[in-house]
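Going by the working numbering, 236 is the number at position 79 of the sequence shown; the sequence numbering is gapless. Every residue, glycine too, gets a C-beta built ideally from N, C-alpha and C.
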Amino acid sequence: MTDNRFEKNPLIAYAIITTFTLLVIEFISYFIVNIDSFTQSQKPLITNEIAERHNLDFQKLKDDNKAIYNDTLQFHPYRWYKLKENFKGSYITLDQHGFRNSQSEKIKADSLIGFFGGSTAFSIFTNDDHTIPVLLEQQLNKRFSIYNYGVGAYNSTSELMTFIEVIRSQNLKYAIFYDGVNEVGRHVEAYERGKLFKNSQFKNIGHFHEDMTRVGIENSYGYKILTNPYKPNILKAIDKYVFPAKTQSSSRKRLTSLSANVNDETFHELSKEIINTYINNVKMISAVAEEYGITPIFLWQPEIYTTRKELSEYERKHFNKYAGIKKLTKLVLNDIQKDERLKNYNFHDISNALDHLGVKSHFYDYCHVDRDANKAIAITISEILKKNYM
């Protein structure tokens, strides 16, 4: 009889078969978990009715933003991350400092205005000629050079650091801070990640955009940051298809974990923390601005949850997308409108700037708007400047 070591040692055979089976299951599970990525090339190019109305190729616009906010994003030690210097895309151009100041012939005005904010100030869904700062410059009859220092996802905490960085080299006369959406958004992310525990500093200084900061670090230093220990793909597949609700509540999907059904006390506490952080940043910016002879102006922006504009069918879909964010955003606006502390600063609520627009779609999502809405916002800001500061 032939000597067979597997017959003599059946445990070896079982171990080999089990290992092979697990590898096959893991391999198949990997494809199940990542099926969306593998079918991406078969999906049609992204289109959008608003972009088409303005003769914009929405796919190219999305590609520009992906290149800026993912592929080439760089870490910054004081303001989380920075954008690639001298980027030139289909619709978006960045200057030598990574800011969206693209006019080939920048106006040579004696007085400079810095415009600070997040992606709405950056104006991610318009071309270079239709950002809020460019349109505001036109409304002021080009008497001022307005520099766009908006960066996606920035809130007043990162804007404070950006402001300090800018005034080291720029002699600004005015500094405009366009905020609201990211004051809420960054704080909700801190809440979702369990970072608002007792005595948490994030309650006082605001939370950074964790995902984009991570991308900036990875791009800058060439290694991946592991956020979780390795999880077998079979378990990921089970999470994705068997327990999707549980997965969503504990995953890194942003702005979805705050349910509108959370108790009112939590919402009021979040609103209080958001406004306190914002006002503390307003105080600090104002103190620095006074020392440098700069007039700071603080604006609370319009968004889909607070506008009285008649919404289109397309816009209503976004209006109903994040119930928790919608509830908190309305509460924060209501609370900040009544906060007496802001009367000591150059604060203006312009959340109604788009109320007069018709039923036509202007919101790409819950906060980003098209060129027509940007123009309406620019007109509102110019009226405030002319009436109160110029």
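Could you please give me the residues that DSSP links to residue i through a beta bridge?
| i | result |
| --- | --- |
| LYS487 | Answer is none; LYS487 lacks a bridge partner. |
| ASP492 | Note: ASP492 sits in no beta bridge, so no partner. |
| GLY351 | Per DSSP, none; premise fails for GLY351. |
| PRO453 | ALA332 |
| VAL113 | The question about residue 113 has no answer here: the residues shown for the chain are numbered 158 through 547. |
| PHE177 | Note: PHE177 sits in no beta bridge, so no partner. |
| PHE269 | Checking the displayed sequence, the identity of residue 269 turns out to be Leu instead of Phe. Beta-bridge pairing links LEU269 to SER302, LEU329. |
| PHE504 | PHE455 |
| VAL274 | Note that residue 274 is Gly in the sequence shown here, rather than Val. TYR335, per the DSSP bridge assignment. |
| LYS245 | THR250 |
Measuring straight from C-alpha to C-alpha, what distance separates residue i and residue j?
| i | j | result |
| --- | --- | --- |
| TYR238 | ALA278 | 17 Å |
| ASN166 | PHE188 | 35 Å |
| GLU206 | ILE461 | 17 Å |
| GLU472 | ILE173 | 57 Å |
| GLY307 | ASN501 | 25 Å |
| SER247 | LYS474 | 28 Å |
| PRO389 | TYR171 | 21 Å |
| LEU180 | ASP220 | 36 Å |
| SER276 | GLN358 | 25 Å |
| ALA535 | LYS360 | 32 Å |
| LEU269 | LYS543 | 15 Å |
| TYR378 | ILE538 | 40 Å |
| LYS355 | LEU251 | 41 Å |
| MET551 | ASN376 | Because the chain spans 158 through 547 in this model, residue 551 falls outside it and cannot be assessed. |
| ASN477 | VAL419 | 17 Å |
| HIS211 | ASN243 | 26 Å |
| THR463 | GLU183 | 47 Å |
| ASP527 | HIS519 | 5 Å |
| LEU485 | ILE169 | 60 Å |
| VAL345 | LEU213 | 32 Å |
| GLU349 | ALA266 | 45 Å |
| ILE362 | ILE281 | 26 Å |
| SER198 | LYS217 | Residue confidence is low: SER198 scores 48 on pLDDT, short of 50, so the model does not pin down where it sits. Its coordinate-derived value is still stated next. Going from the Cα of SER198 to the Cα of LYS217 covers about 15 Å. |
| HIS525 | LEU297 | 23 Å |
| ASP522 | LEU468 | 12 Å |
| GLY309 | GLY274 | 8 Å |
| LYS241 | GLN231 | 7 Å |
| ALA446 | GLU209 | 41 Å |
What are the start and end residues of the alpha helix (DSSP H) that includes residue i?
| i | result |
| --- | --- |
| GLN231 | Careful: GLN231 lies outside any alpha helix (DSSP H), inside the beta strand (DSSP E) at 231-233. |
| LEU427 | 421-448 |
| LYS219 | 215-223 |
| LEU292 | 289-296 |
| PHE476 | 470-476 |
| ASP368 | 367-378 |
| SER315 | 313-324 |
| ARG210 | 206-210 |
| ILE461 | Premise fails: ILE461 is in no alpha helix (DSSP H) and is neither H nor E. |
| PHE282 | Here PHE282 belongs to no alpha helix (DSSP H), and DSSP marks it neither H nor E. |
| ASN361 | 359-362 |
What are the boundary residues of the beta strand (DSSP E) that includes residue i?
| i | result |
| --- | --- |
| GLY255 | Run containing GLY255: none; DSSP gives neither H nor E here. |
| LYS239 | 237-239 |
Just checking residue i against the ligand MN - is the residue's beta carbon closer than 8 Å to any of the ligand's heavy atoms?
| i | result |
| --- | --- |
| TYR248 | The model depicted lacks the ligand MN and carries no ligand whatsoever. |
**Message:** Would you call the stretch 490-497 in contact with the stretch 437-453, where contact means no fewer than 3 C-beta pairs closer than 8 Å?
**Reply:** no
**Request:** Evaluate the contact criterion for the stretch 524-540 versus the stretch 286-294: three or more CB pairs, one atom per stretch, below 8 Å.
**Result:** yes
**Prompt:** Contact between the stretch 455-463 and the stretch 333-345: three or more CB pairs below 8 Å?
**Reply:** yes
**Prompt:** Any chance the stretch 502-511 sits against the stretch 289-305, with 3 or more Cβ pairs inside 8 Å?
**Reply:** no
**Asked** Quick check: the stretch 363-379 against the stretch 225-233, are there 3 or more CB pairs under 8 Å?
**Response** yes
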